[in-house]
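With our numbering, letter number 168 in the sequence shown gets 168, and the count goes up by one each step, no holes.
Don't be surprised by glycine CBs; every beta carbon is placed ideally from N, CA and C.
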Amino acid sequence: MKNPRLKPFQALLISCSALLMLSGCSHSTDDLAQFTANVQSTTPVSLEPSPEFHALPNYQYQAAAMRSPFISPVNAMPTHVSMQRGNCRMPNFARQTSALESYGIDAIAMSGILRINNTAFALFKTNDGKLHKAQIGHYLGLFHGKITHIESDHVLVDQLIPDGAGCYQSKQTRIAITADAGDNIHA
């Protein structure tokens, strides 16, 4: 049951509260405008003077007949074929490479040996966890390492290290069965 005397009171209450709310939303921003003007007038503007530019003397390019430095040279690095000298030891670049040749010798560890029909295979584990088998004459490592000897506890690898003058020097490396990848011994 509704009380009829409350209806005019509710209307008066709603009108007064609306009037109060509207009076709080006045656009009087005089104090804000005064503060902004005060700050702008008291803050000095400091700009550095722009630097003076001096004209540089003209330069005449003298190497116009030479190769452009912005174009890749056609044959700047000699290839392994053009670097070969008479009595140098050279790797066979024409042979097909094996999966073990994509690893450095320090990333290969000997895990054991396997004999099949009197042929010894060395088992190698690479630092990414893959297991490979290889026998005498197979290659491994980044420097054309050829397996020359397989024993029960180690493998001998003959690597060809470039000497910088177009030839290769032989270096023998011993990979022991107890070695983890990274512990190989250079003989």
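Locate the beta strand (DSSP E) running through leucine 123, then write down its first and last residues. Along the sequence shown, one-based indexing puts residue 123 at 123. Element bounds for leucine 123: 119-126.
Given that a residue counts as buried once 16 or more other Cβ atoms are within 10 Å of its Cβ, and exposed if not, what is phenylalanine 143? Translated into positions along the sequence shown, residue 143 becomes position 143. It is buried - the Cβ of phenylalanine 143 has at least 16 other Cβ atoms within 10 Å.
Rounded separation between aspartate 153 and glycine 112 - CA only: Translated into the one-based positions of the sequence shown, residue 153 becomes position 153. Translated into the one-based positions of the sequence shown, residue 112 becomes position 112. Cα-Cα distance, rounded: 8 Å.
Opposing strand residues paired with tyrosine 168 [DSSP bridges]: By one-based count along the sequence shown, residue 168 stands at place 168. DSSP lists Pro162 as partners of tyrosine 168.
Give me, in chain order, the residues of the same chain whose beta-carbon lies closer than 7 Å to that of alanine 11; leave out the 5 immediate sequence neighbours on both sides. Translated into positions along the sequence shown, residue 11 becomes position 11. Once the five neighbours on either side are set aside, alanine 11 has no close Cβ partner at all.
Under 7 Å Cβ to Cβ from glycine 164, same chain only, skipping five residues before and after it: list those, please. Counted from its first residue, the sequence shown places residue 164 at position 164. Hits under 7 Å: none found.
When you compare the region 95-102 with the region 113-121, are there three or more beta-carbon pairs, one atom per stretch, that lie closer than 8 Å? no
Output the boundary residues of the beta strand (DSSP E) element that contains threonine 42. In the sequence shown, the residue the question calls residue 42 occupies position 42. Run containing threonine 42: none in the beta strand (DSSP E); it sits in the alpha helix (DSSP H), 30-42.
Count the other CB atoms within 10 Å of the CB of alanine 64; is the residue buried (16 or more) or exposed (fewer)? Sequence index remark: in the sequence shown, residue 64 carries index 64 (1-based). With fewer than 16 Cβ atoms within 10 Å of its Cβ, alanine 64 is classed as exposed.
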